[in-house]
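J.:
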Amino acid sequence: YISQNDLESDIINSPIKDVLLDFFDDLEQDEIIEAMQKRKASFMYDFLKKKKDDLKKLDGDSISLPLKRCVEIVEKMHNEAN
149 YISQNDLESD IINSPIKDVL LDFFDDLEQD EIIEAMQKRK ASFMYDFLKK KKDDLKKLDG
209 DSISLPLKRC VEIVEKMHNE AN
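Using the working numbering, the first residue of the sequence shown is number 149, and each one after it goes up by one.
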């Protein structure tokens, strides 16, 4: 899977942009990208803990394809194990 730019830029340019702007209510878009890049793991953990339901907005976006593929692999492995 190839990103358009980098993960953080792709995320800010995705259907959850408004969610990120709200999450980082005191930062501008460039500052948000920088903050996400600086704290990748802790940002994702905090964001998902608070905003996981908003990920539904990514359902039709190409950025969700790797996650969908992971789900397919896990489901296939689970079905084969049973």
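Even for Gly, the Cβ is constructed at its ideal location relative to N, Cα and C.
Is it true that the CB of ILE164 sits closer than 8 Å to the CB of LYS205?
T.: yes
J.: Can you tell me the Cβ-Cβ gap for ILE211 and ILE160, rounded? I've got them flagged as a contact below 8 Å.
T.: The Cβ separation is near 11 Å, so there is no contact.
J.: Which same chain residues end up closer than 8 Å to GLN231 when comparing Cβ atoms and leaving out the 5 residues on each side of it in sequence?
T.: Residue coverage of the chain in this structure runs from 149 to 230, which leaves residue 231 outside it and unanswerable.
J.: Report the residue from ASN230, PHE171, ASP154, GLU156 whose alpha carbon sits nearest the alpha carbon of LYS200.
T.: Ranking the options by Cα distance to LYS200, first place goes to PHE171.
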